[in-house]
Structures are given as C-alpha cells and as structure tokens.
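First comes the structure, then the notes that go with it.
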Amino acid sequence: MLYWVNISEAYFSSSEEETQTIRLQFTAEDLSTIDEQHVLKLNQAKRKKAQEVQSHNKCPQRSSRGGYELLEKKMMEEKIKERQEASQDPSELIPPPSPPTRHERWKRARINTSGQYITPEVGLIAKKITAFNAYQLMKGTHSRQLKKLKWVYPKCCKRGGGDECGLFVMRHMFEIIKLDIVDSFEKVFNMEEPYSDDDIDVVPRNWAECFMELQSHDRFDELPSPDKTVV
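So the sequence shown is numbered by UniProt numbering: it starts at 1 and just counts up by one.
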C-alpha cells in the first residue's frame with residue numbers, strides 16, 4: 001500500500017503530535033491504471049485533433065513511414081530495373097539513373113493502389129505539373145517561338161515592391177490554427193484582397209488591440225498551448 005503524508009502539516013504544524021498520516025486505498029497497480037487511462041485520453045484527444053486537421057487536407061500523401069526518402073529509394077530501384085530489362089546485353093554496365101524530381105515524388109506519393117490520384121484536386125495539380133514539364137522540354141527543341149506561360153499569382157498580403165511580408169506568413173498561420181482560435185482573431189484576418197501599403201500599417205495595430213482584448217478578459221488560457229501545435 002502507498003501512504004501520503006500531509007507535508008504542510010508535517011513541517012508547519014505547531015507540534016509533531018498534530019502531524020497526520022492518511023492512508024489511501026490505492027495500490028501501485030491502481031496508480032498505474034490511472035496513469036494509463038490519463039495517457040490514453042490525451043492520445044485520443046491528439047488523434048482526434050489530427051484527424052480533424054487531416055480532413056481539411058485536399059492533397060494528402062500515401063507514402064509509408066519512410067516518407068519521401070523511402071519513396072525516392074523505391075523509385076530509383078524501379079528505374080534501374082527498367083533499364084536492366086530494356087538492355088539487350090546482360091553484361092552491359094547500366095549507368096545509374098537520375099534521381100526523381102520533387103514533382104515526380106509529389107505525384108507518386110498521391111497515387112492509390114489502383115493507379116489513380118487520391119483526390120480530384122491532386123489530379124488537377126498533377127496535370128498542370130505535367131503540362132509545365134512538357135513546356136520546359138519543348139522550349140529548346142521547338143522550331144517556333146512558344147507562347148510565354150501566364151502565371152496567375154494567388155491573392156496574398158505583399159508589400160508594394162512585391163516582396164513577401166511577414167504578414168503573408170501570418171496569414172497562413174491563421175489558416176493552420178483557425179480550428180482553435182477565439183472569435184477575436186477573425187477580426188484580424190478577414191480580407192480576401194491583397195494587402196495595400198495602408199493595410200500593412202493597420203494590421204500590426206489590429207494585432208496589438210486583439211492581444212490587449214484577450215489580456216483584459218483573461219482569455220490567453222483559451223489559446224492552443226505549444227504542445228498542441230499542428231505539424
């Protein structure tokens with residue numbers, strides 16, 4: 001059995017006779033079970049949160065625990081095998097193939113067992129990647145002058161010179177933590193148009209007002225703690 005001594009009474013009571021020893025009906029096995037249940041609840045909460053965040057991911061990958069490193073190794077082995085099978089001379093020394101590009105790895109990690117892309121969004125992105133790579137190859141071999149690609153940039157907060165601002169990163173941070181934020185944060189990021197120079201100057205003040213409001217209402221405890229950061 002485990003015993004618990006009231007430390008405050010043991011060290012601060014007027015006399016040693018007043019010190020009390022309280023016997024708790026907990027064995028080591030009971031405490032171990034309680035600890036396991038507590039850890040289980042924490043893990044379940046983290047798993048539920050991860051599943052909720054993952055449900056918003058339109059381009060998830062299906063690679064194994066080895067990640068892109070293991071996927072690249074498998075793709076290299078497949079390329080070597082294809083070259084060996086295509087060779088007429090078994091004794092021919094097969095030169096090593098070039099490593100797969102990051103675009104190739106990205107597309108391969110999002111193909112299911114039936115050979116299809118896992119979501120329509122992934123298929124659309126893969127189609128654009130293939131078209132861009134074909135355009136790059138044709139630039140040096142096509143006899144006619146190819147039309148220049150028209151790049152359409154997403155709307156985001158940028159400074160007048162075109163350099164990305166720290167507020168651009170903060171915008172993405174907002175998208176990541178939006179499931180946990182309090183209502184007052186939504187007042188800071190509610191623009192769909194790119195930030196102008198005047199907007200850039202206003203946003204820091206809005207942030208300051210936002211945190212001052214949280215502090216005045218003791219609402220900082222409602223914010224996600226560092227151990228709940230989404231990866």
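Cβ atoms here follow ideal geometry from the backbone N, Cα and C, with glycine treated the same way.
Just so it is clear, the structure is predicted and the values come from calculations on it, not from any experiment.
Collapsed DSSP secondary structure at Ile-34 in the structure displayed: helix
Do residue 242 and Arg-108 have their C-beta atoms within less than 7 Å of each other? Examination of residue 242 is not possible in this model, given that the chain is present from 1 through 231 alone.
What number of angstroms, rounded off, separates the C-alpha of Trp-207 from the C-alpha of Glu-213? Note on geometry: alpha-carbon atoms of Trp-207 and Glu-213 lie some 10 Å from one another.
Could you say which of Leu-71, Ile-118, Ser-55, Ala-134 lies nearest to Pro-100 if we only look at CA atoms? Leu-71
Would the beta-carbon of Pro-97 fall within 7 Å of that of Lys-79? yes
Here's the rule: buried if 16 or more other CB atoms are within 10 angstroms of the residue's CB, otherwise exposed. What is Arg-62? exposed
What is the DSSP secondary structure of Ile-80, counted as helix, strand or coil? helix
Taking all protein chains shown into account, do 16 or more other C-beta atoms lie within 10 angstroms of the C-beta of Arg-105, making it buried, or fewer, making it exposed? buried
Just to check my reading of the structure: Thr-119 and Lys-58 have Cβ atoms closer than 8 Å, yes? What is that Cβ distance to the nearest angstrom? 6 Å
Any idea what DSSP makes of Ile-125, helix, strand or coil? It is helical.
When the distance is taken between beta carbons, is Tyr-117 closer than 7 Å to Ala-131? Result no, Cβ atoms of Ala-131 and Tyr-117 do not sit closer than 7 Å.
Let me make sure I understand the geometry here. Which of Met-138, Lys-81, His-103, Asn-112 has the alpha-carbon closest to that of Thr-68? The sequence given here has Tyr at residue 68, not Thr. Nearest option by C-alpha distance: His-103.
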